[in-house]
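The structure appears right after this line, and notes come after that.
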Amino acid sequence: MRSHHSVLVFLVLAMCTVGGWCFPLEKTVSVTFPGDVLKNMTDMELAESYLKRFGYMNVQHRSGFQSMVSTSKALMRMQRQMGLEETGTLDKSTVAAMKAPRCGVPDIRSYQTFDGDLKWDHHDVTYRILNYSPDMEASLIDDAFARAFKVWSDVTPLTFTRLFDGTADIMVSFGKADHGDGYPFDGKDGLLAHAFPPGEGIQGDAHFDDDENWTLGKGAAVKTSFGNAEGALCHFPFSFEGKEYSTCTTEGRSDNLPWCATTADYGRDKKFGFCPSELLYTFDGNSNGKECVFPFVFLGETYEGCTTEGRSDGYRWCSTTDNFDKDKKYGFCPNRDTAVIGGNSEGEPCQFPFVFLGKKYDSCTSEGRGDGRLWCATTGDFDADTKWGFCPDRGYSLFLVAAHEFGHALGLDHSNIRDALMYPMYSYVEDFSLHEDDVEGIQYLYGMILSQYDMITQYPYKTEGGLKGPFSMSERWPALPAVIDTAFEDLVTKKIYFFSGTRFWVYTGQSLLGPRSIDKLGLPSTVEKVEGALQRGKGKVLLFSHIYFCRDSFYWRMNSRRQVDRVGYVKYDILKCTDSSNFRY
């Protein structure tokens, strides 16, 4: 990457034909903006970096031919994971997928750095929010995280409890670039977030890239303070004195506080609130949310606004007294709804109108850029100050990204199903519902949620004594195969386990989990089927892969070739009972 610190302007004024006719063209302006970060990687460099980062390609050195073969195989593996055509070549759709915003967790599990349990060993999982993003008001962030955890508690026995101090299972934080865990973020529109699998220390923690624009997925979500709207969100656009506004405004006020209407027509409804501003409050820091004081003194210099001076992470801050050097009181400045992203004025609000190449602009523009991205100046005169940034976009839904990352923090891998929440690429969904692939994965780890209505299945017929049936199994358990080798009911959970060949199904009422391979129960791969089950009290059951015949205190075991291969005592060999005569009292 490189930064440019000069302004170049190219103007094409007219074009002449061979015959001498000249005609004017619209001015074509190309400006190199100071602080604009350009990514100059070739597609092949991007591919190699991507395949290594996300676990598709071994990082060890290979010869040229071996490297080419390895890259082709890795590309096919990546294309399979993403649901693309498996060409093994770097085609357009593959390059586009590699450039798409996504989760930073590797797609190939063997690539994970941390060895740990696949799931938490307890169901009441705790979490703690360590800091906040300036993009959203704190209560909106709290709500987004709470809803993201609820996605998983709605389909499992898990509960999530928020802690406000101490160490929680899942520590949630925002950070930029190299944020202390050895896995740096890469700036806007790349890696959105990452999380670690369950375990001690950093494992289980979730980190969100604060170079992204965090919203609810549809543009700035601006929660108001004070006013008379009781904290309602701004309504954009809204009308005020005959003019329509799509952002917060200071019009009509002499104190320079930004405000908005919370309905479409302020003149009719008179509902309003104040927008996030350092003139109203700060967050984090050590001043309990107190507003900024301007001007303030820091290291002998006087500041009239929020600054990033003295910090290496790029966060804007201010003193909450007139002299930081003396009082050491500070807080971080919330981003206004018009705060720019990137450029050389990150977090500063757009200044309208502003002058660019002698022309006045009252809104964001793409003039001067070849990529069509909207930008604005953060002072009234770009030509004089060259201060600018990109205008806010729809942003990324903090709720959706958090729900995905919390899935990792609970032990889930990436899915190769495009509509699943655990698919690695980000896409916004307004009416979100958890995909069955996500449900099956999390319930495999933690089981299903049991309600008092679902623990026992009720059927609409009465028994008046005597034998009833036979009944077709497909009527009560329609997902089961035609042949069942054995079945049993767990006396504690009321789950019914059905076995057929090397697979098993679990019914809880009408809810189904499976089919799953019997090796998930810890049975060796040599077991071809489970042919019997014997309860051993609450929570324990013996599974048999042979046929047993019992008489008195003895048993005979028959293998799959119908040969007796073992004889023993039921009490000692199968039930593992101890002989009471050996005990001393």
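In terms of mature numbering (1 follows the signal peptide of the UniProt record, and there is no 0), the sequence shown is residues -22 to -1, 1 to 563.
The C-beta atom is built at its ideal place from N, Cα and C for all residues, glycine as well.
Cβ neighbours of residue i in the same chain (closer than 8 Å, five flanking residues each side left out)
| i | result |
| --- | --- |
| A52 | L29, Y34, M35 |
| D361 | V333, F334, L335, G336 |
| A25 | T49, L53, L68, T72, V73, M76 |
| M451 | L458, I462 |
| C342 | C328, L352, W353, C354, C369 |
Candidates the options, of which the one nearest residue i by Cα
| i | options | result |
| --- | --- | --- |
| S151 | D132, S131, L136, P112 | P112 |
| K337 | G358, L108, L211 | G358 |
| L376 | I420, A398, D187 | D187 |
| V83 | F410, E414, H386, G546 | H386 |
| G158 | H382, T241, L458, H172 | H172 |
| F32 | Y422, E453, H392 | H392 |
| Q488 | H213, G367, Y475 | Y475 |
| F218 | D371, T240, P448 | T240 |
| W130 | T316, F142, D415, D363 | D415 |
| K365 | G321, A511, S232, T228 | G321 |
| E222 | G245, E324, N264 | G245 |
| F252 | A380, F204, D305, P215 | F204 |
| L378 | V407, I86, L235, I395 | V407 |
| W483 | F261, P459, K196 | P459 |
| A207 | F250, Q57, M400 | F250 |
| R55 | E467, N394, R231, K473 | N394 |
| Y485 | R140, P456, S411 | P456 |
| D468 | R351, A210, A511 | A511 |
| R289 | L277, D300, E282 | L277 |
| K70 | A116, M114, D21, W98 | D21 |
| K154 | K166, H382, G492, A380 | K166 |
| I319 | N191, Q59, T145, R481 | N191 |
| R140 | V133, F123, D156, T134 | F123 |
Distance cut-off 7 Å: residue i Cβ against heavy atoms of the ligand SAM
| i | result |
| --- | --- |
| F476 | Absent from the structure shown: the ligand SAM. Ligands present: none. |
Burial state of residue i (16 or more Cβ within 10 Å)
| i | result |
| --- | --- |
| H100 | exposed |
| R294 | buried |
| residue 565 | There is simply no residue 565 to check, as the chain begins at -22 and stops at 563 in what is shown. |
| V461 | exposed |
| K440 | In this predicted model, K440 has a pLDDT of only 45, less than 50, meaning its place in the structure is not dependable; the value taken from the coordinates is given anyway. It is exposed - the Cβ of K440 has fewer than 16 other Cβ atoms within 10 Å. |
| E256 | buried |
| F163 | buried |
| G367 | buried |
| V545 | exposed |
| A398 | buried |
| F142 | exposed |
| A317 | buried |
| E279 | exposed |
| S344 | exposed |
| R231 | exposed |
| T260 | buried |
| R454 | exposed |
| T504 | exposed |
| G283 | exposed |
In DSSP terms, what residue i is bridged to
| i | result |
| --- | --- |
| W483 | F476 |
| A184 | V150, A173 |
| E26 | None; E26 has no bridge partner. |
| R140 | Y105 |
| R80 | L169, M403 |
| R494 | F482 |
| A465 | F476 |
| E279 | F276 |
Same chain, Cβ closer than 6 Å to residue i, five either side skipped, listed in chain order
| i | result |
| --- | --- |
| T193 | A199, G373 |
| A465 | F476 |
| G61 | R396 |
| N234 | T228 |
| D247 | T241 |
Close-in-space but distant-in-sequence residues of the same chain around residue i (CB under 7 Å, 5 per side omitted)
| i | result |
| --- | --- |
| Y547 | S531, F532 |
| L118 | A199, K201 |
| S478 | P459, V461, I462, D463 |
| F138 | V103, Y105, F127, S131 |
| P402 | R80, C81, D85, H392 |
| I180 | D159, F174 |
| Y308 | G263, N264, S265, W295, C296, S297, T298, F302 |
| M149 | R106, L108, D183 |
| E229 | F218 |
| Y339 | P331, F332 |
| T435 | Because the pLDDT at T435 is just 38, under 50, the model does not fix this residue reliably, and the value given afterwards should be weighed accordingly. Cβ within range, chain order: G487, Q488. |
Proximity test, Cβ basis, 8 Å: residue i and chain C
| i | result |
| --- | --- |
| E229 | In the structure shown, chain C cannot be found, because there is only a single protein chain. |
Quiz prompt | Unbroken stretches of the beta strand (DSSP E), 3 residues or longer, contained in the region 395 to 430 | solution = Runs found: none.
Self-check item: Complete alpha helix (DSSP H) runs within the region 193 to 275 (minimum length 4 residues, chain order)
Solution: Qualifying alpha helix (DSSP H) stretches, in chain order: 244 to 247.
Practice problem: Counting only runs of 3+ residues fully inside the region 301 to 351, write out the beta strand (DSSP E) ranges in chain order. | Solution: Look at the region 301 to 351 and you find these whole runs of beta strand (DSSP E), each 3 residues long or longer: 308 to 310, 332 to 334, 337 to 339.
Quiz prompt | Entirely enclosed alpha helix (DSSP H) segments - the region 352 to 400, minimum 4 residues | solution = Whole alpha helix (DSSP H) segments, 4+ residues: 360 to 363, 376 to 387.
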